[in-house]
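K.L.:
In the working numbering, the protein residues as written are 2 to 142. What follows is a single structure, and I will ask about it in a moment.
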Amino acid sequence: MKTFVPKNDEQNWIVVDAANVPLGRLATLIASRIRGKHRPDFTPNIIQGDFVVVLNAAQVALTGGKLDGKVYTRYTGYQGGLKTETAREALKKHPERVIEHAVFGMLPKGRQGRAMHSRLKVYAGETHPHAAQKPQKLEVR
Numbered sequence: 002m003k004t005f006v007p008k009n010d011e012q013n014w015i016v017v018d019a020a021n022v023p024l025g026r027l028a029t030l031i032a033s034r035i036r037g038k039h040r041p042d043f044t045p046n047i048i049q050g051d052f053v054v055v056l057n058a059a060q061v062a063l064t065g066g067k068l069d070g071k072v073y074t075r076y077t078g079y080q081g082g083l084k085t086e087t088a089r090e091a092l093k094k095h096p097e098r099v100i101e102h103a104v105f106g107m108l109p110k111g112r113q114g115r116a117m118h119s120r121l122k123v124y125a126g127e128t129h130p131h132a133a134q135k136p137q138k139l140e141v142r
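Next up, the structure:
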């Protein structure tokens, strides 16, 4: 698929610290940044958003009883192959996937949404390998 990009296209790299930030607020901010909705020349059918690097994914906050009440399910394809895990278990095993799951649910479905998936980079700790891109820090309120 060929994507048409406007000439004044600048795609920035943004770093977001997820420590003690509610998951839903973080995900909406990231999804709108990836789509490019913060830009004055936003066009829904053109991918012109930013690349987002999320740090400290293991320390994201889940409010209320969501740590034990939120259940992630997936199906293996075999009979009786429905696998479930709570948010607490998912954060312990693979904290990156919890944020990715929340953000990907807010991106468009289809070709364009799948192309946007590569713009999200999530890391459980403080370090990331994207220093060469000179990412700007974005504060989450």
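The beta-carbon is built from N, C-alpha and C at its ideal position, and this holds for glycine as well.
For Asp51, count neighbouring Cβ atoms within 10 angstroms of its own Cβ and tell me buried if that reaches 16, exposed if not.
P.N.:
Burial call: buried.
K.L.:
Enumerate in chain order the residues of its own chain whose CB-to-CB distance from Glu86 is below 6 Å, with the five nearest sequence positions on each side excluded.
P.N.:
Cβ neighbours of Glu86 beyond the five flanking positions: Tyr73.
K.L.:
Spell out a yes or no on whether the segment 17 to 32 and the segment 97 to 106 are touching, meaning 3 or more CB-CB pairs, one atom from each, closer than 8 Å.
P.N.:
Yes, they touch.
K.L.:
Does the pairing of the segment 28 to 39 with the segment 67 to 84 give three or more beta-carbon distances under 8 Å?
P.N.:
At 8 Å Cβ cutoff, the stretches do not touch.
K.L.:
Mind the definition here: the segment 125 to 138 touches the segment 49 to 63 only if three or more C-beta pairs lie below 8 Å; say whether that holds.
P.N.:
As far as the Cβ criterion goes, the segment 125 to 138 touches the segment 49 to 63, which means the pair count is three or higher.
K.L.:
Can you tell me whether Arg120 is buried or exposed? The criterion is at least 16 other CB atoms within 10 Å of its CB, across all chains shown.
P.N.:
Buried, by the Cβ-count rule.
K.L.:
Given this structure, state the Cα-to-Cα distance separating Gly66 from Ala91, to the nearest angstrom.
P.N.:
Distance between the alpha carbons of Gly66 and Ala91: 15 Å.
K.L.:
So, using beta-carbon positions, are Ile48 and Met117 closer together than 8 Å?
P.N.:
Yes, the pair counts as a contact, with Cβ atoms nearer than the cut-off.
K.L.:
For a minimum of 3 consecutive residues, which ranges assigned as the beta strand (DSSP E) are wholly contained in the segment 18 to 81?
P.N.:
Correct list: 52 to 56 and 72 to 76.
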